[in-house]
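Colleague:
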Amino acid sequence: MMVHAINGLVPKIHQSVFIAWNAEVAGAVRLAKDVSIWFSVTLRADIAPIEIGEGSNIQDGSVVHVDTNAPTIVGRNVTVGHRAILHSCVIGDDALIGMGAIILNGAEIGAESIVGAGALVTQGKKFPPRSLILGSPAKFVRELTVDEIADIKQNAAHYRELALLAKEHYIEE
Numbered sequence: 001m002m003v004h005a006i007n008g009l010v011p012k013i014h015q016s017v018f019i020a021w022n023a024e025v026a027g028a029v030r031l032a033k034d035v036s037i038w039f040s041v042t043l044r045a046d047i048a049p050i051e052i053g054e055g056s057n058i059q060d061g062s063v064v065h066v067d068t069n070a071p072t073i074v075g076r077n078v079t080v081g082h083r084a085i086l087h088s089c090v091i092g093d094d095a096l097i098g099m100g101a102i103i104l105n106g107a108e109i110g111a112e113s114i115v116g117a118g119a120l121v122t123q124g125k126k127f128p129p130r131s132l133i134l135g136s137p138a139k140f141v142r143e144l145t146v147d148e149i150a151d152i153k154q155n156a157a158h159y160r161e162l163a164l165l166a167k168e169h170y171i172e173e
């Protein structure tokens, strides 16, 4: 893993965190308990903070970045799918961001929401909790069901288990 200070800003990483060997964590990044950062992820907090909440996972190839005085905040038990991009946005607890989704500056995704794969959430767009968000540009489609919300939580729990296994069997060269 590559963990770097930038401009004197040093990442703060809980001891339970899993970071894949080729992930990049730089600057004012805070990774809470049981976070997992998977292969080829970049977290770059050079001009504002990035916070990843407890139990969240950022999957392979994703990029999390910031704008001046505009942090990126990811809540607890959030799943960020492969190759997603989060830029100076807020993601509520227990949300799922689909593979290849892009969330732009000032956007807010409510708790227990799903942003579909490939969705483009445009600058400043705000969605309430329990939203199904699809398309490019992304739009509210409907409120999520109880079963869909349970699936989001199960997915995050599954990634916490995968991270434990990865840490247990990790071989550094």
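Residues 1 to 173 (my numbering) are what the sequence shown spells out, left to right.
Just so you know, even glycine gets a beta-carbon here, dropped at the ideal spot from N, CA and C.
Which same chain residues, not among the five before or five after W38, have their C-beta less than 6 Å away from its C-beta?
Modeller: For W38, where only same-chain residues beyond five positions count, the Cβ hits under 6 Å are A20, Q59 and D60.
Colleague: Which residues does DSSP list as the beta-bridge partners of G27?
Modeller: DSSP output for G27 lists A45 as bridge partner(s).
Colleague: Report the partner residues of I97 according to the DSSP bridge assignment.
Modeller: Partner(s): V80 and V115.
Colleague: Could you work out which residue in A84, I73 and E161 is closest to L31 when comparing CA atoms only?
Modeller: If we check each option's Cα against that of L31, I73 comes out closest.
Colleague: How many angstroms separate the CA atom of N69 from the CA atom of M2?
Modeller: Cα to Cα, N69 sits roughly 24 Å from M2.
Colleague: If I measure Cβ to Cβ from M99 and keep anything under 7 Å in the same chain, skipping five residues before and after, which residues do I get?
Modeller: For M99, where only same-chain residues beyond five positions count, the Cβ hits under 7 Å are G81, H82, R83, A84 and A117.
Colleague: Kindly identify the DSSP beta-bridge partner or partners of K153.
Modeller: None, per the DSSP bridge assignment.
Colleague: Exposed or buried, what is R76 when buried is set at 16 or more other beta-carbons lying within 10 Å of its beta-carbon?
Modeller: So R76 ends up on the buried side.
Colleague: Evaluate contact between the segment 121-136 and the segment 95-112, counting only Cβ atoms and requiring at least three cross-stretch pairs below 8 Å.
Modeller: Taking 8 Å as the limit for Cβ pairs, the verdict is that the segment 95-112 does touch the segment 121-136.
Colleague: A70 bridges to which residues according to DSSP?
Modeller: DSSP, once it has assigned bridges, lists D67 as partnering A70.
Colleague: For H4, does the three-state DSSP call read helix, strand or coil?
Modeller: H4: strand per DSSP, three-state reduction.
Colleague: Quick one: grab the DSSP three-state call for R160.
Modeller: Three-state DSSP puts R160 in a helix.
Colleague: Over what stretch of residues does the beta strand (DSSP E) that includes V141 continue unbroken?
Modeller: It spans K139 to E143 - the beta strand (DSSP E) in which V141 sits, taken as one unbroken run.
Colleague: CB A23 to CB A45, shorter than 9 Å?
Modeller: Taking 9 Å as the Cβ cut-off, A23 and A45 do not qualify as a contacting pair.
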